[in-house]
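Enquirer:
Numbering (mature numbering (1 follows the signal peptide of the UniProt record, and there is no 0)), first residue to last: -22 to -1, 1 to 159.
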């Protein structure tokens, strides 16, 4: 009987350790990668909004910045810059966010210029929303090589030409690609 009383604290200890180890520790979440933080700052710098740059620079973890979402490894997967007061262009640094799946620049009426060719490096991109800006130039042919792209909106800009069809075509892409006006 004494044998069972000495095992009880040991069993309780094992149960406690097992339970506590199932909770995530604060250090288990990854902060953003330095190269991606640098790319984000370059992107916002090209858009010329010093207030956002100051706000973003307030914390070193870009995964906590407004409009930025990251995966569990700390890679930037989503960037949404909408309705800011910006005046500038889309920086080529956009191509330095290799894990980006969702990109939204919308209702930035002073965002000008073409879509940079570096956007072609975003092989994981599934959602590209660039409507209601002041972008111009030909619709880039490289958009057809973004084979993961399911949704594209270029409406209410000043693009010329037609939207290239994806190759190979994505079943969901044809219904989600809109606008070049």
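Glycine residues also receive a C-beta, built at the ideal position from the N, C-alpha and C atoms.
#1: By how many angstroms is the C-alpha of residue 85 removed from the C-alpha of residue 125?
#2: Compare the C-beta of residue 104 against all C-beta atoms of chain C and say whether one is closer than 8 angstroms.
#3: Mark residue 61 as exposed unless 16 or more other C-beta atoms lie within 10 angstroms of its C-beta, in which case mark it buried.
#4: Whole angstroms are fine: how far does the CA of residue 65 sit from the CA of residue 93?
#5: For residue 37 and residue 55, what's the separation of their Cα atoms in angstroms?
#6: DSSP has residue 84 in a bridge; who is on the other side?
#7: Tell me which same chain residues have a C-beta within less than 6 angstroms of the C-beta of residue 15, skipping the five on either side of it?
#8: Buried or exposed: residue 95, going by 16 or more other Cβ atoms within 10 Å of its Cβ?
#9: Around the C-beta of residue 135, are 16 or more other C-beta atoms found within 10 angstroms, so that it is buried, or is it exposed?
#10: Who are the Cβ neighbours of residue 113 in its own chain at under 8 angstroms, not counting the five residues just before and after it?
#11: Any heavy atom of the ligand SAM closer than 7 angstroms to the beta-carbon of residue 11?
#12: The alpha helix (DSSP H) spanning residue 20 covers which residue range?
#13: Which partner residues does residue 116 have in the DSSP bridge list?
#14: Terminal residues of the continuous beta strand (DSSP E) containing residue 129?
#15: So which of 115, 128, 127 has the shortest CA-CA distance to residue 140?
Expert: Quick look at the numbers:
#1: Residue mapping note: residue 125 aligns to position 147 of the chain shown, counting from 1. Residue mapping note: residue 85 aligns to position 107 of the chain shown, counting from 1. If you take the alpha carbons of residue 125 and residue 85, they lie about 26 angstroms apart.
#2: Among the chains in the structure shown there is no chain C, since it carries only a single protein chain.
#3: Reading the chain shown from its first residue, position 83 is the one you call residue 61. It is exposed - the Cβ of residue 61 has fewer than 16 other Cβ atoms within 10 Å.
#4: Within the chain shown, residue 93 is the residue found at index 115, counting from 1. Within the chain shown, residue 65 is the residue found at index 87, counting from 1. C-alpha of residue 93 to C-alpha of residue 65: approximately 15 angstroms in a straight line.
#5: Against the chain shown, residue 37 aligns to sequence position 59. Against the chain shown, residue 55 aligns to sequence position 77. Put simply, the backbone Cα of residue 37 is about 18 angstroms away from that of residue 55.
#6: To locate residue 84, count along the chain shown from 1; it is residue 106. Answer by DSSP bridge pairing, in chain order: 60.
#7: By one-based count along the chain shown, residue 15 stands at place 37. 40, listed in sequence order.
#8: The sequence position of residue 95 within the chain shown is 117, counting from 1. By the neighbour-count rule (16 or more Cβ atoms within 10 Å), residue 95 is not buried but exposed.
#9: Mapped onto the chain shown, residue 135 falls at position 157. With a threshold of 16 other beta carbon atoms within 10 Å, residue 135 meets it and is buried.
#10: As a first step, residue 113 must be located in the chain shown, where it is residue number 135. Excluding residues up to 5 positions away in sequence, 68, 89, 90, 91, 92, 93, 132, 135, 136, 137 lie with their Cβ nearer than 8 angstroms to the Cβ of residue 113 in the same chain.
#11: Annotation note on the ligand SAM: not contained in the displayed structure, which lists no ligands.
#12: Here residue 20 corresponds to residue number 42 of the chain shown, with the count starting at 1. Counting along the chain, the alpha helix (DSSP H) containing residue 20 begins and ends at 12 to 25.
#13: Along the chain shown, one-based indexing puts residue 116 at 138. When DSSP reads this structure, residue 116 sits in a beta bridge with 138.
#14: As a working note, residue 129 is residue 151 in the chain shown. For residue 129, the enclosing beta strand (DSSP E) stretches over residues 129 to 131.
#15: If you number the chain shown from 1, residue 140 lands on position 162. Among 115, 128, 127, the Cα nearest to that of residue 140 is on 115.
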